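**Student:** Just so we're aligned, residue 51 is where the sequence shown starts under the numbering used here, counting upward by one.
Idealized CB from N, CA, C, for every residue including glycine.
Please read all numbers here as calculations on a predicted model, not as lab measurements.
Before we start, here is the structure in question, set down as structure tokens.
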Amino acid sequence: MSKSFLSRLTITFFCMALPVAMAQTQLKVATFNVSMEAQNYLPRGEPGNSQVLIDILATGEQQQVKNIAAIIQRVRPDILLLNEFDYIDDPKLGIEAFIKNYLNKAQAGSEAIDYPYYFYHTVNTGQPSPFDLDNDGNATGVGADAWGYGFYPGQYGMVLLSKYPIDKQGVRTFQHFKWHAMPDHLKTNKADGTAWYSKEAWQQFPLSSKAHWDIPVQVNGRVIHILASHPTPPVFDGPENRNGNRNHDEIRFWSDYLTSDAAGYIYDDKGQVGGLAADKTFIILGDLNASAEGEGDAIPAAIQGLVAHPRVNATVIPQSVGGAEHSPDRAYGATHTAVWRMRADYVLPAKNQLQVKDSGVFWPQQTEADYRLIAARGASSDHRLVWMSLLVTAE
51 MSKSFLSRLT ITFFCMALPV AMAQTQLKVA TFNVSMEAQN YLPRGEPGNS
101 QVLIDILATG EQQQVKNIAA IIQRVRPDIL LLNEFDYIDD PKLGIEAFIK
151 NYLNKAQAGS EAIDYPYYFY HTVNTGQPSP FDLDNDGNAT GVGADAWGYG
201 FYPGQYGMVL LSKYPIDKQG VRTFQHFKWH AMPDHLKTNK ADGTAWYSKE
251 AWQQFPLSSK AHWDIPVQVN GRVIHILASH PTPPVFDGPE NRNGNRNHDE
301 IRFWSDYLTS DAAGYIYDDK GQVGGLAADK TFIILGDLNA SAEGEGDAIP
351 AAIQGLVAHP RVNATVIPQS VGGAEHSPDR AYGATHTAVW RMRADYVLPA
401 KNQLQVKDSG VFWPQQTEAD YRLIAARGAS SDHRLVWMSL LVTAE
């Protein structure tokens, strides 16, 4: 066999292998509860409205929001879910203003960052109901009597930012999916055993306290479904545990959505039925307000079932040294994502299609210069940005 033939053969094999290597993309995905809702910027007790955030976003100078932008610029995720970002009807005054006036400007020594794509939609928080949902004798339409706790429509909303194109026609939203349509849902009863919610209220009651979204993102030859949500905190109720029950079933929704035998009852806001096909790639993102380790007040069965789901890779848990420093007496302190000492925020990738390369929680130690970005709730948020770097191969 001649040397020239061997050279040509080597070049041929190299050229055949090259596209495979080039088809792999390192993707950094993150979730961050940014506390960017009106009440966060007002004296305690003032309900506010979306105009508060509009005014803040227009200036580009609010220090708490600048710190949030700095954290995002430090971590530099390619896809980022923001929880508790008020929904504003005109995106130019809302998410586009945040991108333009904060993220597109260098903050605290970081480089500016841009997100040319985003998904932004209505949520149930602050949407008034005509019912007395908290059974206090008054149907106010706001607060605990809204379909999701809030004092104006869009409070505590969500938005997905992406450096990669979003297939907006393929998005599925489940904002109006009714809780009673979930088989074996947890029942909320009064002390005498009767139903907590009236029959009329129960027929209209949505499962999602904010929304559940399935957002297809096109990442260099592979479609990744971002499964985004922000279940209600399992507190601020009474012995009936209505918020704890709702939190459990909001999380369980994703387990059923990923299970073909269990997803038949699910319908989206366009009437399409069923869950996510077994061959689809996904990443679950959000502040789920529940700990798989049993910390906090949530009913743990749903979050434990989700992280144990056969399609979910939960073997890598993002951690930080700062979290361990914050809770030295807690066994899971390094995995905490909120100052109230619990893992609440999750990045959960598909097991078979995505390879985890690295992960972390942005929680600097007190001796680090960046600690000032998270030193108090008023510095940025009471949650920490959670990220994961994944290796994505084209389909």
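Along the chain, where does the alpha helix (DSSP H) that runs through residue 376 open and close?
**Tutor:** From DSSP, the alpha helix (DSSP H) with residue 376 extends over 371–376.
**Student:** In terms of alpha-carbon separation, which member of 429, 397 and 405 lies closest to residue 411?
**Tutor:** Closest by alpha carbon: 397.
**Student:** Taking Cβ to Cβ, would you say residue 436 is nearer than 8 Å to residue 350?
**Tutor:** no
**Student:** Would you mind stating whether residue 365 and residue 373 have Cβ atoms separated by less than 8 Å?
**Tutor:** no
**Student:** Quick check on the burial criterion: 16 or more other C-beta atoms within 10 angstroms. Buried or exposed for residue 275?
**Tutor:** buried
**Student:** Could you have a look at residue 255 and say whether DSSP puts it in helix, strand or coil?
**Tutor:** coil
**Student:** Could you tell me the boundaries of the alpha helix (DSSP H) in which residue 148 lies?
**Tutor:** 145–148
**Student:** Could you tell me the distance, in whole angstroms, from the CA atom of residue 202 to the CA atom of residue 90?
**Tutor:** 14 Å
**Student:** Assign residue 108 to buried or exposed, taking buried as 16 or more other Cβ atoms, counted over all protein chains shown, within 10 Å of its Cβ.
**Tutor:** Residue burial is scored here from C-beta neighbours: residue 108 has fewer than 16 other C-beta atoms within 10 angstroms and is therefore classed as exposed.
**Student:** Around the Cβ of residue 427, are there at least 16 other Cβ atoms within 10 angstroms (buried) or fewer (exposed)?
**Tutor:** exposed
**Student:** Taking the alpha carbon of residue 277 as the point to measure from, which residue in 300, 311, 229 and 150 has its own alpha carbon closest?
**Tutor:** 300
**Student:** Do you know how far the Cα of residue 152 is from the Cα of residue 141?
**Tutor:** 15 Å
**Student:** Is there contact between the stretch 292–299 and the stretch 219–228, where contact requires at least three CB pairs shorter than 8 Å?
**Tutor:** no
**Student:** Quick check on the DSSP output: what are the complete alpha helix (DSSP H) runs of length 4 or more inside the stretch 134–188, in order along the chain?
**Tutor:** For the stretch 134–188, whole alpha helix (DSSP H) runs of length 4 or above, ordered along the chain, are 145–148.
**Student:** If I follow the unbroken alpha helix (DSSP H) through residue 356, where does it start and stop?
**Tutor:** Unbroken alpha helix (DSSP H) run through residue 356: 351–357.
**Student:** Give the range of the alpha helix (DSSP H) segment to which residue 104 is assigned.
**Tutor:** 100–109
**Student:** Output yes or no for whether 8 Å exceeds the beta carbon distance between residue 209 and residue 170.
**Tutor:** yes
**Student:** Should residue 353 and residue 400 be called a contact, given that it needs their Cβ atoms to be closer than 8 Å?
**Tutor:** no
**Student:** Counting pairs of beta carbons, one from the stretch 157–177 and one from the stretch 115–126, are three or more of them closer than 8 Å?
**Tutor:** yes
**Student:** If you count every other CB in all the chains shown that lies within 10 Å of the CB of residue 434, and 16 or more means buried, which is it?
**Tutor:** buried
**Student:** Can you check whether the CB of residue 81 is closer than 8 Å to the CB of residue 337?
**Tutor:** yes
**Student:** Could you pull the start and end residues of the beta strand (DSSP E) that residue 264 belongs to?
**Tutor:** 262–269
**Student:** Do you know offhand how far residue 71's Cα is from residue 326's?
**Tutor:** Residue confidence for residue 71 is low, a pLDDT of 49 falling below 50, so the modelled location carries little weight and cannot support an answer.
**Student:** Expressed to the nearest angstrom, what Euclidean distance is found between the alpha-carbon atoms of residue 237 and residue 291?
**Tutor:** 10 Å
**Student:** Starting from the Cα of residue 335, find the closest Cα among 76, 131, 98 and 84 and give me that residue.
**Tutor:** For the options 76, 131, 98 and 84, the alpha carbon positioned closest to that of residue 335 is the one of 131.
**Student:** Count the other CB atoms, across all protein chains shown, that sit within 10 Å of the CB of residue 413; report buried if there are 16 or more and exposed otherwise.
**Tutor:** buried
**Student:** Going by beta-carbon coordinates alone, are residue 117 and residue 423 separated by less than 8 Å?
**Tutor:** yes
**Student:** Since residue 227 and residue 256 should fall inside the 8 Å C-beta cutoff, what is the C-beta to C-beta distance between them, to a whole number of angstroms?
**Tutor:** 6 Å
**Student:** Mapping DSSP to helix, strand and coil, what is residue 234?
**Tutor:** coil
**Student:** Whole angstroms is fine: what's the gap from residue 95's alpha carbon to residue 88's?
**Tutor:** 11 Å
**Student:** Within 10 angstroms of its Cβ, does residue 249 collect 16 or more other Cβ (buried), or is it exposed?
**Tutor:** exposed
**Student:** Ends of the alpha helix (DSSP H) at residue 117?
**Tutor:** Run containing residue 117: 113–125, per the alpha helix (DSSP H) assignment.
**Student:** If we call anything under 8 Å between Cβ atoms a contact, is residue 253 one with residue 235?
**Tutor:** no
**Student:** In its own chain, which residues sit with a C-beta less than 7 Å from the C-beta of residue 285, not counting the 5 before and 5 after it?
**Tutor:** 293 and 347
**Student:** List the endpoints of the continuous beta strand (DSSP E) containing residue 437.
**Tutor:** 436–443
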